[in-house]
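Residue numbers (the working numbering): 6 to 200.
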Amino acid sequence: MLGIFLDTETNGLNPQKHVLLEIALKILNVESGEELDQLERIVCPTLEEWERSEPSSLDVNGFTYKELKKGLRHEQLREQLIELFTTWNLIRGASVFICQNPSFDRAFFSQIVNPDLQESLLWPYHWLDLASMFWIAGIQKGKHQQGEFPWVTGFSKDKIAAACRLPPEAKPHRAMNGVDHLILCYQTIVGFPAR
């Protein structure tokens with residue numbers, strides 16, 4: 006089974022109004038933890054899309070329009086994703102997405118590869134989230150008095166990291182920083198069984 010550890014950066018929180026600015030993913034064997042491939046791309050929004058940016062989102066990721074103008078168009082990124090997923094046979098039953106906040110990432114990912122196309126390519130439709138994994142582990146620790154319950158520690162990725170005695174995500178928030186931090190947290194909470 007392969008895990009597609011994925012993170013996105015956007016110009017706001019509303020996928021009906023805002024757009025994907027950056028995507029990063031790493032493909033790992035979820036048994037061994039071996040990294041098989043990765044992708045990190047900046048996406049160039051139109052000027053109209055950029056003008057709808059939420060300033061607070063840009064404060065978090067630090068992107069400028071000048072930097073993004075060097076990025077890919079949606080069609081180019083779509084083709085690269087299809088090629089990568091085809092190369093590694095990333096289909097349902099053989100792979101899953103793993104994210105910190107999959108409801109957010111999936112909405113923006115679907116701007117690039119629409120759900121009908123994902124379905125026709127048999128891409129995985131399970132998007133697993135780190136917070137739920139942490140929640141389950143935290144409940145077990147709390148029940149056995151080996152740690153605090155997750156509602157005490159909080160379950161943003163940085164709060165999960167703090168509860169696991171890991172460093173926070175590197176700043177500025179960029180997608181590959183998010184992926185690397187996600188994998189570090191996942192390894193600590195869930196682990197790779199063959200390691």
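Built from N, CA and C at the ideal position, the CB exists for glycine as well. As the structure is a prediction and not an experimental result, all values here were calculated from the model.
Ala-167 and Gln-151 have their C-alpha atoms some 16 Å from each other. By the Cβ rule, the stretch 40 to 50 counts as touching the stretch 12 to 31, because three or more pairs are nearer than 8 Å. Listed in chain order, the alpha helix (DSSP H) elements of length 4 or more contained wholly in the stretch 119 to 194 are 120 to 125, 135 to 148, 155 to 158, 162 to 168, 180 to 194. In the DSSP annotation of this structure, the continuous segment of the alpha helix (DSSP H) that includes Glu-53 starts and ends at 52 to 56. Pairing Asp-110 with Asp-12 gives a Cβ-Cβ distance under 9 Å.
Note on Pro-198: under 16 other CB atoms within 10 angstroms of its CB, so exposed under the neighbour-count rule.
Here Val-35 is not near His-178, since their CB atoms are 9 Å or more apart. Look at Lys-31 here: in three-state DSSP terms it is strand.
Note that the C-beta distance between Leu-187 and Ile-87 is not below 9 Å.
Fewer than three beta-carbon pairs drawn from the stretch 94 to 103 and the stretch 56 to 76 are found closer than 8 Å, and the two stretches are therefore not classed as touching. Following the DSSP letters along the chain, one finds Leu-63 in no beta strand (DSSP E) but inside the alpha helix (DSSP H) bounded by residues 60 to 66. About 6 Å separates the Cβ atoms of Arg-57 and His-23, confirming a contact at the 8 Å cut-off.
Annotation for Glu-80: the continuous alpha helix (DSSP H) segment containing it runs 79 to 92. When only Cα atoms are considered, Tyr-70 and Arg-78 end up about 14 Å apart.
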